[in-house]
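Top line first, the protein sequences correspond to chains A and B.
Just so we're aligned: 185 in the numbering used here is position 185 of the first sequence, and the numbers increase by one with no gaps anywhere.
Going from the second sequence to the numbering used here is simple: count from 1 and add 1000.
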Amino acid sequence: MNEPVLEIRNLNVDYGLGDQAVHAVRDVNLTLHRGEVLGLAGESGSGKSTLAYGLTRLLAPPGVITGGEVIYHPEKADPYDVLALSDNNLRKFRWAETAIVFQGAMNSLNPVHKISTQLNDVLQAHEPKMSAHSRNARCREMLKLVGISADRMDAYPHQLSGGMRQRVMIGMALILQPQVVIMDEPTTALDVVMQRQILGQLIELRERLGFSVIFITHDLSLLVEFSNRIAIMYGGRIVEEAPAAALYRDSLHPYSAGLLGSFPALRGPRRELSGIPGSPPDLKGMPSGCSFHPRCPKAFDPCSEHIPVLGRPDTTDGSTRTVACHLHPAQVPAGVSSPGER
Amino acid sequence: MTSLQDAEAPAGEVVLEAEGLTKHFPVRRGLRDLFDRRSRAAVHAVDDVHLILRRGKVTALVGESGSGKSTVARLLAQLYPRTDGDIRLHGESTRVKGGRNFRRYAARVQMIFQDPFASLNPVHTIRYHLTRALKIHHNGGSNAAELEDALHNLMSRVSMTPPERYLDKFPHELSGGQRQRVAIARALGADPEALLADEPVSMLDVSIRLGVLNLLRDLKERLNLAILYITHDIASARYFADETMVMYAGRMVEGGDSETVTQSPAHPYTRLLIDSAPDPDRLHGELEPDTRDRGNGEPPSLINPPSGCRFHPRCPMAGPRCETELPVRLEIGDKPGHWAACWLYDAQGVGK
Chain A
1 MNEPVLEIRN LNVDYGLGDQ AVHAVRDVNL TLHRGEVLGL AGESGSGKST LAYGLTRLLA
61 PPGVITGGEV IYHPEKADPY DVLALSDNNL RKFRWAETAI VFQGAMNSLN PVHKISTQLN
121 DVLQAHEPKM SAHSRNARCR EMLKLVGISA DRMDAYPHQL SGGMRQRVMI GMALILQPQV
181 VIMDEPTTAL DVVMQRQILG QLIELRERLG FSVIFITHDL SLLVEFSNRI AIMYGGRIVE
241 EAPAAALYRD SLHPYSAGLL GSFPALRGPR RELSGIPGSP PDLKGMPSGC SFHPRCPKAF
301 DPCSEHIPVL GRPDTTDGST RTVACHLHPA QVPAGVSSPG ER
Chain B
1001 MTSLQDAEAP AGEVVLEAEG LTKHFPVRRG LRDLFDRRSR AAVHAVDDVH LILRRGKVTA
1061 LVGESGSGKS TVARLLAQLY PRTDGDIRLH GESTRVKGGR NFRRYAARVQ MIFQDPFASL
1121 NPVHTIRYHL TRALKIHHNG GSNAAELEDA LHNLMSRVSM TPPERYLDKF PHELSGGQRQ
1181 RVAIARALGA DPEALLADEP VSMLDVSIRL GVLNLLRDLK ERLNLAILYI THDIASARYF
1241 ADETMVMYAG RMVEGGDSET VTQSPAHPYT RLLIDSAPDP DRLHGELEPD TRDRGNGEPP
1301 SLINPPSGCR FHPRCPMAGP RCETELPVRL EIGDKPGHWA ACWLYDAQGV GK
């Protein structure tokens, strides 16, 4: 569990070049361990989707990766930097090692092709030596795994419901048995009942197949329940990272606390909630210092001047949580490898 | 704009009432169906809905997509003609089609739409949007100074202060939360008695949703408004609404005081909905076996809705009676006003 599978180091992503550039992701350090579900939460514009596209090199222009490394650890080979891969190697890396389920995945299926054709396509491209018969068998097996009966193989996407299309997308992402699956708001367009069914299935599949998941969403209450660790992004930076339960019980960054306090509870006493005052920052004109300080109820002098460093606030308790806040100054900055990592 | 007269009306007074509200959208498959009157298929979007909006109260309508909750709002706003049933404004049956009657109705019942990015015209300023609302409903006063006053009044009501900073901006210059506030201000420009809010916060960022909900609650108290709050998030209904109704596949299945409906849900569908909602306190938890979905998590087709109770194909407690007989509203008896349309609460049960 503690073996890393994907390490992101000081990743920076800009949109545009030169003075016009908007810094969408700044100095992100994040490690995904084998077999875990890492939740990435943040509001729109916080850079969470950009981070996902950046680390898979799927950014469309004007997005540019301006610095950093993404180290991928294959199961039985030496680790390598994804950002330095040649085009040919990148093609082999994508899907086979890291698959992505896109936002609005329901619309990512080609409407004029049958499900079977689209699943077959993936296999044909990545495993050209496979026979048509075994390809078909694999598609069948994959659909069964995500809970779609094999007789729907020859259906067109419009003949399936939203939830079924989402399942096909998840099956398609898993068909080459990747080590890492990135899910970018996979259930936002679905109803709660369907959402729970699909997530339950995902957790079950993860236990069976052993892949790791980066789960991107704005719904923090969902992450607390489903992920092992949670990283919270604000204004392009990670502001807090902690095990899910620890973050829920005792969040250190005021933004995490505000976000947790923005969800009315279904159980327990009814209390007055206030959300977070103000509105999310504009990436074109970021506030100085900590980008959260104009909205922060606990802001004090250094907040508007110095950017807080993401790091472990307390070295004594041996936990792995990190936070970027002047209230909890970092003792061990993240990114500087701690003992145990390479 | 004065709402003196409104503010004096007693809280709890019935403003808008729907009885047996029904809407079927005809489905035309081909040219031949145009001439063949016998076999007209229809989407049974809303069937037999009873709803009462009271002054100073928020009524929530909770349901999944496709359950017909938005159609109910549009029927109440008279944007769609209804197939059957009655809508009563202050006890008076109303059916308006457009023109002057519609404007008179709209002055009293206003709607707020889901997407503030689409409901404001991108080529006009905030001032234009609000001025139009004020003028159409004759709340703009008789001269420029009075109009300016009314505009400032509206903006400060939705806590967009100072008004000068926002009035001459275009919608794209505002954030989502601010745009939704403008949309609310525009609805208030008509000085309405009832607001129909169709998922007013679901397109907004998580951290500002509560700000908008708290604003609506504040307005409800200050202006004594009746609010219909449509949502798919039952937790926010518990937070914001006094009364909660649950819809499934075009029918109301449960209703009552929000706290009762969310804390001791009676209908199996409401239980499924509540158990499916994300709950941070249940870490990697599993659902209770008796609230499991028997189906595949999908609502039925509304062209040929299931016979009897529309939830029976998915219901874990369903019996033979559920397949044939349409359940009526039955009192649960734990709290006054708590009802469910489910045979489980009938003396004869679901049948063997």
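Ideal Cβ placement from N, Cα and C applies to all residues, glycine included.
| query | result |
| --- | --- |
| Cβ shell of alanine 299 of chain A (< 7 Å), same chain only, five flanking positions each side left out | His293 |
| Secondary structure of valine 946 of chain B, DSSP reduced to three states | This structure gives no information on residue 946 of chain B, because the portion of chain B shown stretches from 1001 to 1352. |
| Glycine 346 of chain A: contacting residues in chain B (beta-carbon distance under 7 Å) | Nothing in the structure corresponds to residue 346 of chain A, since chain A is present only between 1 and 342. |
| Exposed unless 16 or more other CB atoms sit within 10 angstroms - verdict on lysine 1023 of chain B | buried |
| Residue span of the beta strand (DSSP E) that contains valine 1206 of chain B, given as start and end | That residue, valine 1206 of chain B, is in no beta strand (DSSP E); its alpha helix (DSSP H) goes 1206-1223. |
| Aspartate 19 of chain A in three-state terms, based on DSSP | helix |
| Boundaries of the alpha helix (DSSP H) in which leucine 1134 of chain B is found, first to last residue | 1126-1136 |
| Glutamine 1110 of chain B in three-state terms, based on DSSP | strand |
| Between the CA atoms of valine 82 of chain A and valine 25 of chain A - distance to the nearest angstrom | 17 Å |
| Contact set between leucine 222 of chain A and chain B, taken where Cβ atoms lie within less than 7 Å | Pro1278 |
| Exposed unless 16 or more other CB atoms sit within 10 angstroms - verdict on valine 332 of chain A | exposed |
| Beta carbon proximity, tyrosine 1345 of chain B to chain A, threshold 7 Å | no |
| Contact list for alanine 1194 of chain B against chain A, beta-carbon separation under 9 Å | Going along chain A, no residue has its Cβ under 9 Å from alanine 1194 of chain B, so there is no contact; the nearest lies around 23 Å. |
| As assigned by DSSP and simplified to three states, the class of arginine 237 of chain A | strand |
| Integer-rounded CB distance, given that glycine 1351 of chain B should sit under 8 Å from arginine 1321 of chain B | 3 Å |
| Chain B contacts from the stretch 227-252 of chain A (Cβ-Cβ distance under 7 Å) | Ala245, Tyr248 |
| Coil, strand or helix - isoleucine 148 of chain A by DSSP | coil |
| Beta-carbon proximity check, glycine 1068 of chain B vs aspartate 1048 of chain B, cutoff 7 Å | no |
| Member of B:Arg1100, B:Asn1304, B:Ala1347 whose CA lies at the smallest distance from the CA of histidine 1044 of chain B | B:Asn1304 |
| Cβ neighbour criterion (16 or more within 10 Å) applied to proline 1289 of chain B | Its pLDDT being 46, under 50, proline 1289 of chain B is placed unreliably by the model, and the measurement read from it follows with that caveat. Looking at its Cβ environment, which holds fewer than 16 other Cβ atoms inside 10 Å, proline 1289 of chain B is exposed. |
| DSSP-derived helix/strand/coil call for tryptophan 1339 of chain B | strand |
| Alpha helix (DSSP H) segment containing histidine 1152 of chain B, residue limits | 1144-1157 |
| Any C-beta of chain B under 7 Å from that of methionine 194 of chain A | yes |
| Same chain, Cβ closer than 8 Å to leucine 1287 of chain B, neighbours up to 5 away in sequence not counted | Residue confidence for leucine 1287 of chain B is low, a pLDDT of 49 falling below 50, so the modelled location carries little weight and cannot support an answer. |
| Outcome for asparagine 107 of chain A when other beta-carbon atoms lying within 10 angstroms are tallied against a minimum of 16 | exposed |
| Through-space distance from leucine 143 of chain A to histidine 1284 of chain B, alpha-carbon basis | Legend: pLDDT at histidine 1284 of chain B = 49, less than 50; position of this residue unreliable, value from coordinates given subsequently. One C-alpha to the other measures close to 25 Å. |
| First through last residue of the alpha helix (DSSP H) which encompasses arginine 91 of chain A | 87-93 |
| Residue burial classification, asparagine 2 of chain A (beta-carbon count within 10 angstroms, cutoff 16) | exposed |
| Meets three-Cβ-pair contact criterion under 8 Å: the stretch 1130-1142 of chain B and the stretch 1073-1086 of chain B | no |
| Alpha-carbon to alpha-carbon, arginine 1251 of chain B and threonine 1071 of chain B | 12 Å |
| Any non-hydrogen atom of the ligand GDP within 6 Å of cysteine 325 of chain A CB | The model on display carries no ligand, and the ligand GDP is accordingly not part of it. |
| Selected residue, minimal CA-CA separation from leucine 38 of chain A, among A:Leu247, A:Ser131, A:Val192 | A:Leu247 |
| Neighbourhood of proline 297 of chain A by C-beta distance below 7 Å, restricted to the same chain and skipping five residues each side | Pro254 |
| Spatial distance of valine 101 of chain A from aspartate 27 of chain A (CA atoms) | 24 Å |
| Listed by chain order, chain B residues near leucine 184 of chain A by CB distance under 7 Å | What sits at residue 184 of chain A in the sequence shown is aspartate, not leucine. Here the premise fails: no neighbours, minimum Cβ distance about 16 Å. |
| Phenylalanine 215 of chain A - containing beta strand (DSSP E), residue span | 212-217 |
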